[in-house]
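Data first, discussion second: the structure below is written as structure tokens.
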Amino acid sequence: MPTEPRDQLDRKQAVVLDSFAWIEYFNGTSAGEKVQGFLETGRALTPAIVVAELSEKHKRLNREFGPKYDFMNARTSIVPLEEELARAAGELNFERKKRAKGWGMADSIVLATARRSKAIMVTGDPHFKDLADETIFL
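Here it is as structure tokens:
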């Protein structure tokens, strides 16, 4: 049974920011303001798949992504999708699709990144609701 969502974070704990978190941050929402606090810890990670998702979204909306990418790269560590992580994400994807409707490979990559890094995910994506012990919801 999932626990209540985490709302506190040990300042030494790494966090993984997903696309939802970055979109909220760049849109200046109240949820995005919470992301600012995680950026200030100096322990934020961004999976490379998140860069791909945000790049695609900005292209689709005919918006410039370069300065935002530069900011992301300066304020977080971009975690590449290397072979071991890809394999773990594939296995995780198989399992998670049984439990979470609409679960996608990008979700698996983000979750696998957090688990491998022993980090907490920061998101508002409902796909992660049953993972409250691993997630801080915005």
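Residue numbers (the working numbering): 1409 to 1546.
All C-beta atoms, glycine included, are put in the ideal place defined by N, C-alpha and C.
Owing to the predicted nature of the structure, the values given are computational and were not obtained by experimental measurement.
Worksheet item: So, is Ala1482 buried or exposed, given that buried needs 16 or more other C-beta atoms within 10 angstroms?
Response: That one is exposed.
Worksheet item: From Leu1469 to Gly1450, what does the alpha carbon distance come to, in whole angstroms?
Response: Leu1469 and Gly1450: Cα-Cα distance of roughly 30 Å.
Worksheet item: Taking the alpha carbon of Asn1435 as the point to measure from, which residue in Arg1523, Glu1491, Lys1420 and Arg1471 has its own alpha carbon closest?
Response: If we check each option's Cα against that of Asn1435, Arg1471 comes out closest.
Worksheet item: Using the beta-carbon count (16 or more within 10 Å), is Pro1488 buried or exposed?
Response: By the beta-carbon neighbour count (other beta carbons within 10 angstroms, threshold 16), Pro1488 is exposed.
Practice prompt. Could you give the DSSP three-state label for Phe1545: helix, strand or coil?
Written response: DSSP places Phe1545 in the strand class (E or B) of the three-state scheme.
Fill in: Buried or exposed by the 16-neighbour rule on C-beta atoms within 10 Å, applied to Asp1478
Exposed, by the Cβ-count rule.
Item to complete: Go to Leu1453, then tell me how far its beta strand (DSSP E) extends in each direction, as first and last residue.
Response: Note, Leu1453: beta strand (DSSP E), Ala1452 to Pro1455.
Item to complete: Tell me where the beta strand (DSSP E) around Thr1531 begins and ends.
Response: Ile1528 to Thr1531 is the extent of the beta strand (DSSP E) around Thr1531.
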